[in-house]
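For reference, the structure discussed in these notes is given below.
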Amino acid sequence: MSKSDAPITSKPIKLIAAACNNMGIGLNGNLPWNLPNEFKYMLNKLTTVEQPGKKNLLVWGRKSFESFDENLLPLANSVIVLLTRKLSDLPKYVHYICRDEAEVLELLSMPPLSEEIETVWVLGGVECYKNMMRHPWCNHIYFTDIMADFECDTFFPEFDKDIFRLKENYPGVPSEIQEEKGVKYIFQVYEKDQAKQDQ
Ligand SMILES: NC(=O)c1ccc[n+]([C@@H]2O[C@H](COP(=O)([O-])OP(=O)(O)OC[C@H]3O[C@@H](n4cnc5c(N)ncnc54)[C@H](OP(=O)(O)O)[C@@H]3O)[C@@H](O)[C@H]2O)c1
Numbered sequence: 001m002s003k004s005d006a007p008i009t010s011k012p013i014k015l016i017a018a019a020c021n022n023m024g025i026g027l028n029g030n031l032p033w034n035l036p037n038e039f040k041y042m043l044n045k046l047t048t049v050e051q052p053g054k055k056n057l058l059v060w061g062r063k064s065f066e067s068f069d070e071n072l073l074p075l076a077n078s079v080i081v082l083l084t085r086k087l088s089d090l091p092k093y094v095h096y097i098c099r100d101e102a103e104v105l106e107l108l109s110m111p112p113l114s115e116e117i118e119t120v121w122v123l124g125g126v127e128c129y130k131n132m133m134r135h136p137w138c139n140h141i142y143f144t145d146i147m148a149d150f151e152c153d154t155f156f157p158e159f160d161k162d163i164f165r166l167k168e169n170y171p172g173v174p175s176e177i178q179e180e181k182g183v184k185y186i187f188q189v190y191e192k193d194q195a196k197q198d199q
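Each residue of the sequence shown is one higher than the one before, starting from 1 at the first, in UniProt numbering.
The following block contains the structure:
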């Protein structure tokens with residue numbers, strides 16, 4: 001089927017990130033903290049599908065992908081797309097390379113991904129978080145609020161909390177404060193109010 005014949009079925013796009021008090025997410029190309037249970041929560045979200053046989057599309061900026069522990073790859077139930085303007089060879093475990101977010105959406109509109117993908121998870125960094133949160137299909141930000149100060153050089157982009165509303169007791173998300181290695185954090189979900197975005 002050519003691109004123009006393909007029915008464009010929307011897919012939920014979700015951002016997932018953990019940020020500390022100053023909205024920091026990274027330092028020197030890595031996470032500023034080592035919180036294995038927080039990390040496991042993220043992995044669980046990325047690799048869970050509701051419909052058998054479906055997969056999730058993981059959208060990764062090059063530096064964030066390179067900082068991910070290769071020993072954890074491949075991830076179950078997932079297809080990896082790497083955003084890069086300069087790489088042309090597929091790194092191991094990467095299924096597709098895209099030059100920008102528009103190319104990701106084009107891929108999604110065509111088989112096999114148009115049929116295969118259940119959810120698009122955007123894993124950062126900053127540029128793809130910023131671009132994808134504006135997309136009409138982006139409906140959630142899964143955001144771990146790390147209630148501590150860490151030195152950071154990379155920061156989660158500001159987002160409008162009138163458009164993305166914090167949801168209490170979101171299904172599948174523990175609502176109580178977690179604590180690991182003396183660091184407190186809480187799993188949160190912001191849901192987009194589409195009517196507000198369209199105004
Ligand atoms: N706490 C968290 O939840 C979390 C999540 C993700 C990342 N991080 C941290 O954040 C830092 C990395 O984030 P970052 O923002 O610096 O880098 P990044 O977005 O992961 O990587 C930047 C590179 O990705 C490519 N890229 C990014 N956006 C693109 C786009 N829209 N179109 C085409 N290519 C694009 C470019 O690659 P080329 O140079 O190859 O062209 C760019 O140089 C690390 O410290 C990481 O650990 C933390």
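Beta carbons are placed, not taken as given, at the ideal position from N, Cα and C, and that holds for glycine.
Kindly give me the distance between the Cβ atoms of residue i and residue j, rounded to whole angstroms, as I take these residues to be in contact under 8 Å.
| i | j | result |
| --- | --- | --- |
| LYS14 | VAL122 | 7 Å |
| PHE164 | ALA19 | 14 Å between Cβ atoms; not a contact. |
| ILE141 | TYR190 | 4 Å |
| ALA148 | ASN21 | 6 Å |
| ASP162 | LYS196 | 6 Å |
| CYS152 | GLY24 | 2 Å |
| PRO174 | PHE187 | 6 Å |
Using the C-alpha atoms, what's the distance from residue j back to residue i?
| i | j | result |
| --- | --- | --- |
| GLU179 | TYR185 | 6 Å |
| CYS98 | PHE68 | 18 Å |
| ASN30 | PHE156 | 14 Å |
| HIS95 | LYS181 | 35 Å |
| ASN44 | SER78 | 11 Å |
| THR9 | PRO74 | 27 Å |
| LEU46 | GLU158 | 23 Å |
| LEU90 | SER109 | 21 Å |
| LYS130 | ILE177 | 27 Å |
| VAL49 | THR119 | 8 Å |
| PRO111 | LEU105 | 12 Å |
| SER2 | GLU70 | Residue confidence is low: SER2 scores 45 on pLDDT, short of 50, so the model does not pin down where it sits. No coordinate-derived value is stated. |
| THR84 | CYS138 | 21 Å |
| LYS40 | ASN34 | 11 Å |
| GLY26 | GLU115 | 34 Å |
| ALA76 | GLN51 | 14 Å |
| GLU103 | ASP160 | 26 Å |
| GLU168 | MET132 | 23 Å |
| VAL183 | PHE65 | 25 Å |
| ASP145 | GLU38 | 10 Å |
| MET42 | PRO36 | 10 Å |
In terms of residue numbering, what span does the beta strand (DSSP E) encompassing residue i cover?
| i | result |
| --- | --- |
| ASN139 | 138 to 146 |
| ALA19 | 13 to 19 |
| SER78 | 78 to 83 |
| THR119 | 117 to 122 |
| GLU179 | 178 to 180 |
| PHE187 | 183 to 192 |
| GLU161 | Sequence inspection shows Lys at residue 161; the Glu mentioned does not correspond to that position. Run containing LYS161: none; DSSP gives neither H nor E here. |
| CYS128 | Element bounds for CYS128: not the beta strand (DSSP E) but the alpha helix (DSSP H), 126 to 133. |
| TYR96 | 96 to 98 |
Which term fits residue i, buried or exposed, when burial requires 16 or more other beta carbons within 10 angstroms of its beta carbon?
| i | result |
| --- | --- |
| residue 203 | Here the chain comprises residues numbered 1 to 199, so residue 203 is not present and cannot be evaluated. |
| GLU101 | buried |
| residue 237 | An answer regarding residue 237 cannot be provided, because it is not within the stretch 1 to 199 covered by the chain. |
| residue 212 | The structure shown does not extend to residue 212, since the chain is modelled only from 1 through 199, so no value can be given for it. |
| LEU113 | buried |
| ALA17 | buried |
| GLY53 | exposed |
| LEU87 | exposed |
| LEU107 | buried |
Provide the residue span of the alpha helix (DSSP H) that contains residue i, from first to last.
| i | result |
| --- | --- |
| SER67 | 62 to 67 |
| MET42 | 36 to 47 |
Establish whether the CB of residue i and some CB of chain B are separated by less than 7 Å.
| i | result |
| --- | --- |
| MET110 | The structure shown contains no chain B; it holds only a single protein chain. |
> Just checking, does the region 52 to 63 make contact with the region 119 to 135 on the three C-beta pairs under 8 Å criterion?
Replying inline: yes
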